[in-house]
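Protein chains in written order, with the numbering used here: chain D, 119 to 407; chain C, 119 to 407. Beta carbons: idealized from backbone N, C-alpha and C, even for Gly. Here the structure is a predicted model, which is why all the values come from computation and not from measurement.
Below is the structure:
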């Protein structure tokens, strides 16, 4: 096209995509180009602003390494990651929420009633619940990955003082789809704010603090994987999560308990429970594939 | 906001931007978030597609270095760079077109009638024209930067066999706003296609060849800088420029000449002109600041 104009550039872009373009790729590129072009036309984006955007992405590339991906963080703080979670959530199933960058493979198995707290400082929490499907039936073949921060707000792969798989496990559920374990209250923490995303947060007066949460991946044959996070109802950052992870159905209650005798004998840390401690009851609802 | 949904996430994003957010930044982020969210909702973007996009950007970061910026190339092949050029063009002025990554500072001055060809292989071209304003008056205070490929399709900063400032100059115009110099026909070349953008071009059946062109920046006090490219009318890639740089008013005619006597004596290469050679006549129209 030798006469590209601001009004025909989207059409020109689409005409450049040949007949061998996979249909889904064509659909994605059509929507992406159309929206990106509208963004530039509507804002009258200047060369200086375009240059700033290029430098922003270039800096994101420079600060990205295997341990820290600034492009994921850009997606997170613009709400893109969470929106992908939301459009993929089946109504009636538990909402999905951001995977985040701290999941690692290889966490050890933990049976029902097992103890994740071990020698970690922090308030003890007894977490239990059930995995069920949308018909209300238990899913006893489910497996649950859990990972969380230590009391200092760091994950084990951010903190050389923690054992490699500290506060990480693959939980087995019992024949009724029940899971249960003891752990500590995770701590709020900040998203990395020493890169270009930090500049953006500061320029817009946003704080980098995420509300504390437990990360879960719930998997069962025949069901969609559920990647989610569960947040305590009393967290001070619940209404300003910079990555938009909080959903109404992902809020849990910490219930303070004083009497360890109320806890089932299956919980192996029961004898070490000291008052007060907390309990959490949270069910996961899986959607079929 | 503890109950973000796919329908309120754009509004939530905007509410997160504090009152100290600069108004233009707020405007840009409002439009950007709104379009990015619509893109995800309209396409039902999946986690796997999102992951592919993150990996695409991560690879772009890895292949980017001071000599080659893949983020500029992403912007180029999606038509974003050209659209920024177009929305910044004042109707009646010469269209702007992509700066590209090969401009360097410090090119030597060249007087009216000077020779840029020197020892370069390639067909000789006598390029001349006038810099004028939108009222049709000459702009004698203008200065013009020119850069182009050698006969092998490479710019001097891509090719160690070329002198540092080969085929680059800052042209002076005369008291009537005229410029003129001798050079060679530039060659078509490909955009870098060994990175993620190359994968995208191949997946969509697009070729990486750009039509040959002369790059210009025209500057004069009181006028907007004009960053542009000029393309020959007979180039085979004119209708499929992967970076959307071609505009009707940026097409020049190579006119074949056989008689060096038709060229003004001011052209210092006149005595070395051998038949046939080409002439190009191209005027630049500047918009006031």
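For residue 296(C), the pairing in a beta bridge is given by DSSP as 248(C).
Contact annotation: residue 258(C) and residue 292(C) have beta-carbon atoms nearer than 8 Å. Residues of the segment 149-166 of chain C with a C-beta less than 7 Å from any C-beta of chain D: 149, 150, 151, 153, 154, 155, 156, 157, 158, 159, 160, 161, 162, 163, 164 and 165, listed in chain order. In this structure, the beta-carbon distance from residue 148(D) to residue 321(C) does not fall below 8 Å. Leaving aside the five residues that flank residue 174(D) on each side, the residues in its chain whose CB is nearer than 7 Å to its CB run, in chain order, 314. Each of 129(D), 347(D), 282(D) and 380(D) was checked against the Cα of residue 224(D), and the nearest Cα belongs to 282(D). Closest in C-alpha terms to residue 160(C), from the list 287(D), 133(D), 201(D) and 336(D), comes 201(D). In this structure, residue 385(C) and residue 212(C) do not form a Cβ contact; the two beta carbons are roughly 24 Å apart against a cut-off of 8 Å. For residue 136(D), the closest of 344(C), 319(C) and 165(C) by C-alpha to C-alpha distance is 319(C). Going by C-alpha positions, residue 348(C) is about 13 Å away from residue 362(C). Under the three-state reduction of DSSP, residue 334(D) is assigned to strand.
Here the alpha carbons of residue 340(C) and residue 233(C) stand approximately 29 Å from one another. Taking 9 Å as the upper bound on Cβ-Cβ separation, chain C lies near no residue of the segment 286-311 of chain D. Less than 8 Å separates the beta-carbon of residue 153(C) from that of residue 157(D).
Listed along the chain, the chain C residues whose CB falls inside 8 Å of the CB of residue 131(D) are 196, 197 and 362.
Nearest CB-CB separation between residue 357(C) and chain D: below the 8 Å threshold.
In the structure shown, the three-state DSSP call for residue 219(C) is coil.
Straight through space, the alpha carbons of residue 217(D) and residue 190(D) are spaced by roughly 10 Å.
The C-alpha of residue 404(C) is placed about 38 Å away from the C-alpha of residue 146(D). Boundaries of the beta strand (DSSP E) around residue 373(C): 373-375. Residue pairing for residue 314(D): DSSP places it in no beta bridge. DSSP places residue 186(D) in the strand class (E or B) of the three-state scheme. Rounded to the nearest whole angstrom, the C-alpha separation of residue 329(D) and residue 303(D) is 12 Å. The alpha-carbon of residue 371(C) is positioned some 6 Å away from that of residue 350(C). For residue 396(C), the enclosing beta strand (DSSP E) stretches over residues 395-399. By the C-beta density criterion, residue 244(C) is buried, having at least 16 other C-beta atoms within 10 angstroms. Interface criterion met: the Cβ of residue 365(C) is under 8 Å from a Cβ in chain D. Residues of chain C whose Cβ lies closer than 8 Å to the Cβ of residue 313(D) do not exist; the shortest such Cβ separation is about 12 Å. For the pair residue 134(D) and residue 197(C), the Cα-to-Cα distance works out to about 11 Å. Within chain C, 172, 175, 176 and 179 have C-beta atoms less than 8 Å from the C-beta of residue 189(D), given in sequence order. Annotated as distal: residue 275(D) and residue 334(D), with beta-carbon spacing of 8 Å or more. Around residue 324(D), the beta-carbon contacts reaching into chain C at under 8 Å are 134, 135 and 136. Rounded to whole angstroms, the separation of the alpha carbons of residue 143(D) and residue 324(C) is 14 Å. Counting along the chain, residue 176(C) sits inside no beta strand (DSSP E); it lies in the alpha helix (DSSP H) bounded by residues 165-181. Using a Cβ-Cβ cut-off of 8 Å, residue 386(D) is close to nothing in chain C; its nearest Cβ partner there is about 34 Å away.
Within 8 Å of the CB of residue 168(C), the CB atoms of chain D belong to 193, 198, 199 and 202, in sequence order along the chain.
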